[in-house]
Amino acid sequence: MIGLPIGAAGCLDDPDPGTGPNPESDSTDDLADDPAPSSDTADVDVDTEDGASVEDDGDDESDDGIDDEDELQEAAREVARALLEAVVDGDTETAVSYAPVRDAAGFHREEWTQQYEESFSPDEVHAIDYRSWGPEDALVGMLPDGDPGDGRGFALQYDLDLESDGVRFDHRLSVSVVYLEGEWYAWLYQPFQPTVDATVDLEREGLERVDLTLADRDGPATVFVTGDGIDDPSDYELESTGESITVTVDDVGTGGYAVVVVPVGEDPETGDTIEAFDFVDLADWADVSTIELEALTAGWEGISPSIVEGVENPTLVLEAGREYTIDVKNGDGAIHQLQLRDAADDPVDEYETPFLEGADATEELTVTATDELAAYVCAPHEMTMQGSILVVDSLAD
Numbered sequence: 001m002i003g004l005p006i007g008a009a010g011c012l013d014d015p016d017p018g019t020g021p022n023p024e025s026d027s028t029d030d031l032a033d034d035p036a037p038s039s040d041t042a043d044v045d046v047d048t049e050d051g052a053s054v055e056d057d058g059d060d061e062s063d064d065g066i067d068d069e070d071e072l073q074e075a076a077r078e079v080a081r082a083l084l085e086a087v088v089d090g091d092t093e094t095a096v097s098y099a100p101v102r103d104a105a106g107f108h109r110e111e112w113t114q115q116y117e118e119s120f121s122p123d124e125v126h127a128i129d130y131r132s133w134g135p136e137d138a139l140v141g142m143l144p145d146g147d148p149g150d151g152r153g154f155a156l157q158y159d160l161d162l163e164s165d166g167v168r169f170d171h172r173l174s175v176s177v178v179y180l181e182g183e184w185y186a187w188l189y190q191p192f193q194p195t196v197d198a199t200v201d202l203e204r205e206g207l208e209r210v211d212l213t214l215a216d217r218d219g220p221a222t223v224f225v226t227g228d229g230i231d232d233p234s235d236y237e238l239e240s241t242g243e244s245i246t247v248t249v250d251d252v253g254t255g256g257y258a259v260v261v262v263p264v265g266e267d268p269e270t271g272d273t274i275e276a277f278d279f280v281d282l283a284d285w286a287d288v289s290t291i292e293l294e295a296l297t298a299g300w301e302g303i304s305p306s307i308v309e310g311v312e313n314p315t316l317v318l319e320a321g322r323e324y325t326i327d328v329k330n331g332d333g334a335i336h337q338l339q340l341r342d343a344a345d346d347p348v349d350e351y352e353t354p355f356l357e358g359a360d361a362t363e364e365l366t367v368t369a370t371d372e373l374a375a376y377v378c379a380p381h382e383m384t385m386q387g388s389i390l391v392v393d394s395l396a397d
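Written as structure tokens, this is what we have:
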């Protein structure tokens, strides 16, 4: 019987369908009741230090292990599946037992342990379905004494049906498996983390309050608000679709705040930003007439006044009826264009610069502040380069 741990090498593109047999299913509707896959063609023992040893029990095996190609592929699948089961179960000890003690990249037992301890463990595993495989003999070279001509390597893909925090989701993993000198190895270089995303409706009420509602989430996602004025992000957490929270300047103070999404149970500081907002002190903007921005594909970066210096996509606070100059500098050599828009995301009064082509290119835009202004964007990069414009009746104390 074969029942070995596996290694996953991250999510890969589908292998060329011509490189292997048609996909078969190793579906598991309930892993708690589903025994590990087995084969009558070979028996495998696990050596936690030096890989998994294959016993010589088959007529088609040589003294060094399995010679039959179909048998070899089946054994590789079962090694991969067993490792996946260990990883999603949070069984670090078993998962590490299938990794080489040291690989060519310098991974030792401590690194493998950290790798799997950082992997995500779902609440439930509904299925682990084998999808496809492809030969990857170059993987043999990842072992310190491995030569691609001396062993066999495989990249196997599995579709996982998982559930966490009441959310059921799918995830695909590609597992790297090596068979060398009668022993099996399998590993995962990056911690398994599900892909998560969320949509949040952000409504601003004046300068002092922001209301956030979790409109949708993809995968086992949790949403937090982070920023300098928030010591514990769990005080501003959204877990369920339709749930709302309110953030006020009285509670958190002035400054910039990010709405981030992370997998359930993960550190909010590692999250991806999906929304951002600012609380500002009007007095800081009272004497401002010129605003300088640096155009970078990752986001606009404030240069001046000092209240926006170093801030990504800062909120610009303008007084209705006043004239302002916005100076723009190309910071990375990509093609950029500043454009001002209204709340419906339509351009306002032809307020836009010519395209800035080449590093250090500059342009300026003169604008009279009106209530129509709501945002500024880079037309070629509006997904990352966009900030809010807040027009107030007066900046006086």
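The UniProt record's numbering puts the first residue of the sequence shown at 1, with every later residue one more than the last. For each residue, glycine too, the CB sits at the ideal point set by N, CA and C. Keep in mind the model is a prediction, meaning the values are calculated, not measured.
Distance CB(residue i)-CB(residue j) smaller than 8 Å
i, j, result
"G387", "T315", "yes"
"L160", "D170", "yes"
"V252", "T226", "no"
"V311", "G256", "yes"
"V175", "Y185", "no"
"L72", "R168", "no"
"Y324", "L340", "no"
"Q115", "L188", "yes"
"V348", "E372", "yes"
Counted within 10 angstroms of its Cβ, other Cβ atoms place residue i as buried (16 or more) or exposed
i, result
"A396", "exposed"
"A52", "Only weak support is given to the placement of A52: the predicted model assigns it a pLDDT of 43, under 50, and the value that follows is read from those uncertain coordinates. So A52 ends up on the buried side."
"D232", "exposed"
"A32", "Reliability fails at A32, whose pLDDT of 36 lies under 50, so the model's placement of it is uncertain and the value that follows must be treated cautiously. Exposed."
"S164", "buried"
"M383", "exposed"
"D345", "exposed"
"D123", "exposed"
"T92", "buried"
"S304", "exposed"
"S38", "Only weak support exists for where S38 lies, its pLDDT of 33 falling under 50; the value from the coordinates is given anyway. Flag for S38 reads exposed."
"D278", "buried"
"A298", "exposed"
"A138", "exposed"
"A276", "buried"
"A286", "exposed"
"Q190", "exposed"
"A343", "exposed"
"T368", "exposed"
"D50", "Because the pLDDT of D50 is 40, which lies under 50, any placement of that residue in the model is unreliable, and the number read from its coordinates should be weighed accordingly. Under this definition D50 is an exposed residue."
Residue range of the unbroken alpha helix (DSSP H) whose run includes residue i
i, result
"T72", "Inspection of the sequence shows that residue 72 is occupied by Leu rather than by Thr. Unbroken alpha helix (DSSP H) run through L72: 69–89."
"Q386", "Segment 386–392 is the beta strand (DSSP E) holding Q386; no alpha helix (DSSP H) there."
"W300", "Taken as a continuous stretch (DSSP letters only), W300 belongs to no alpha helix (DSSP H), as it is neither H nor E."
"S97", "92–97"
"W112", "109–117"
"D287", "Premise fails: D287 is in no alpha helix (DSSP H) and is neither H nor E."
Nearest candidate by alpha-carbon position, reference residue i, set the options
i, options, result
"L212", "A258, T384, V196", "A258"
"V210", "T248, L143, L188", "T248"
"A127", "V88, R152, S119", "V88"
"G119", "I326, A86, L83, F192", "Inspection of the sequence shows that residue 119 is occupied by Ser rather than by Gly. Closest option to S119, Cα to Cα, is F192."
"E363", "D281, L293, Y189", "L293"
"R81", "A286, T195, L173", "L173"
"N313", "R341, M385, D150", "M385"
"residue 399", "D145, G151, V196, S289", "Residue coverage of the chain in this structure runs from 1 to 397, which leaves residue 399 outside it and unanswerable."
"A198", "S240, A155, I291, V140", "S240"
Residue i Cβ short of 7 Å to the ligand SAM heavy atom set
i, result
"L84", "Absence of the ligand SAM from the depicted structure is noted, as is the absence of any ligand whatsoever, leaving it without description."
Continuous beta strand (DSSP E) stretch holding residue i: start and end
i, result
"V125", "124–135"
"D216", "209–218"
"V178", "167–180"
"V223", "221–227"
TODO: Would you check if the segment 105–119 and the segment 219–233 touch, i.e. whether three or more CB-CB distances between them fall below 8 Å?
DONE: The answer is no - the segment 105–119 does not touch the segment 219–233, with fewer than three Cβ pairs under 8 Å.
Task: Meets three-Cβ-pair contact criterion under 8 Å: the segment 319–334 and the segment 356–369 - done: yes
- [ ] Determine, using beta-carbon pairs with one atom in the segment 132–152 and one in the segment 87–99, whether at least three such pairs fall under 8 Å.
- [x] No: fewer than three Cβ pairs fall under 8 Å.
Task: Any 3 or more C-beta pairs closer than 8 Å across the segment 375–395 and the segment 303–322 - done: Enough Cβ pairs lie closer than 8 Å, so yes.
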